[in-house]
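Keeping their order, the protein sequence lines are chains A and B. Here the working numbering is used: the first residue of the first sequence is 361, the next is one more, and so on. Here the working numbering is used: the first residue of the second sequence is 2, the next is one more, and so on. C-beta: ideal position from N, C-alpha, C; glycine also. Being a predicted model, the structure only gives us computed values, none of them experimental.
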Amino acid sequence: MFTKILFPTDFSEAAEKAKDKLVEMSRCNIGEIVLLHVVDIRIFSYSTMLDIIEVDNWRKDGKLIKELNRKLNAWKDELEKTGLKVSTEIKEGIPFDEILKYSENNGVTSILLPSVGHGVVERMLVGSTAEKVLRKSKVSVILLR
Amino acid sequence: MFTKILFPIDFSVHARKVKEEILKIKDCGINEIVLLHVINKKLLRYSPISHELTINDMFIDGDIARNAELKLKDWAKDLDNTNITIKYDIVKGNPFDEIIGYSQKEKCTLIIMGFKGLTETEDLLIGSTAEKVARKSKIPVMIIK
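Below is the structure:
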């Protein structure tokens, strides 16, 4: 079950906590962990509509990818210290969709998700990615708290 | 995270699958597994034959609980492991409420259950018990597909 764990992260506080839990799991015979960040493409169209061109500029001059890689690698280093085997991946799209696609195309055996919020509003804003992944995933899902 | 696992069982094939998965992760630091069967109050009120005769009336008081206990004992035997304490319990009520409440009362560290249970349908309108547990639980939840 833990042969290949997909750990999507948005670098939020909840994701940070999930990372600590993952360290606890290091004795569970984990084969490999894939740290995935999905750049939510909706922010580009949204900011363009509001005439905020900086966001699009980050993307064009590669600043965004560079920064994301830096963050992912810092997480990777931290996790590897506990003996885990970690790789990183960046995708662009709608988060839940990219998470499911990646998991199906790359032989992922379980998905680890930090889940946030119990309120209705929070659920609609943040928690919905976790809920959609849980519902549509073909492999087991671990929701951390 | 795996210290004290709550394993809600409805005796479906899906729960059986979860049992197999638990056997695979038994070396993850599990100290205790609690098998919980919730007698679904709603199902007991169902009266397929006549309005006066509900499922509940068809059983002599205690029949369901007694049979469930026998089954739970069998399941406990399957999970038997010298290093792990196995307990079982039966409660009556609304499954997801009882599961959440029990996990808090018993200070469990992880709930592990199947995405589907007795309800086989693929597309659920309101969501499965597992989804509700995943949404409301304050401790990590592992959902087996």
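Taking CB atoms only, C109/B has no neighbour in chain A less than 9 Å away. At least one CB atom of chain B sits nearer than 9 Å to the CB of L494/A. Scanning its chain for C-beta atoms nearer than 8 Å, with the 5 sequence neighbours on each side dropped, one finds around D416/A the residues F404, S407, T408, in chain order. In the three-state reduction of the DSSP assignment, P455/A falls in the helix class. Within the DSSP bridge table, the entry for L37/B names P9/B, D90/B as partners. Beta-carbon to beta-carbon, K498/A and F456/A are separated by about 14 Å, too far to satisfy the 8 Å threshold. Sequence-distant partners of F3/B (beyond 5 residues in either direction) whose C-beta falls short of 8 Å from its own C-beta, in its chain, are I26, C29, G30, I31, T110, L111. For E491/A, at least one C-beta of chain B is nearer than 9 Å to its own C-beta.
Secondary structure of N82/B (DSSP, three-state): strand. Considering only I40/B, W76/B, Y47/B, Y103/B, the residue with the shortest C-alpha distance to K18/B is W76/B. For N433/A and L71/B, the gap between their C-alpha atoms comes out near 52 Å. Its chain contains L37, I100, M114 as the residues whose beta carbon lies nearer than 6 Å to that of P9/B, once the 5 sequence neighbours on both sides are disregarded; these appear in chain order. A buried status is given to R495/A, since no fewer than 16 other beta-carbon atoms sit within 10 Å of its beta-carbon. For M409/A, the enclosing alpha helix (DSSP H) begins and ends at 402-409.
Listed by position along chain B, the residues whose Cβ is nearer than 9 Å to that of S500/A are E22, F116, M143, I144, I145, K146.
DSSP places F367/A in the strand class (E or B) of the three-state scheme.
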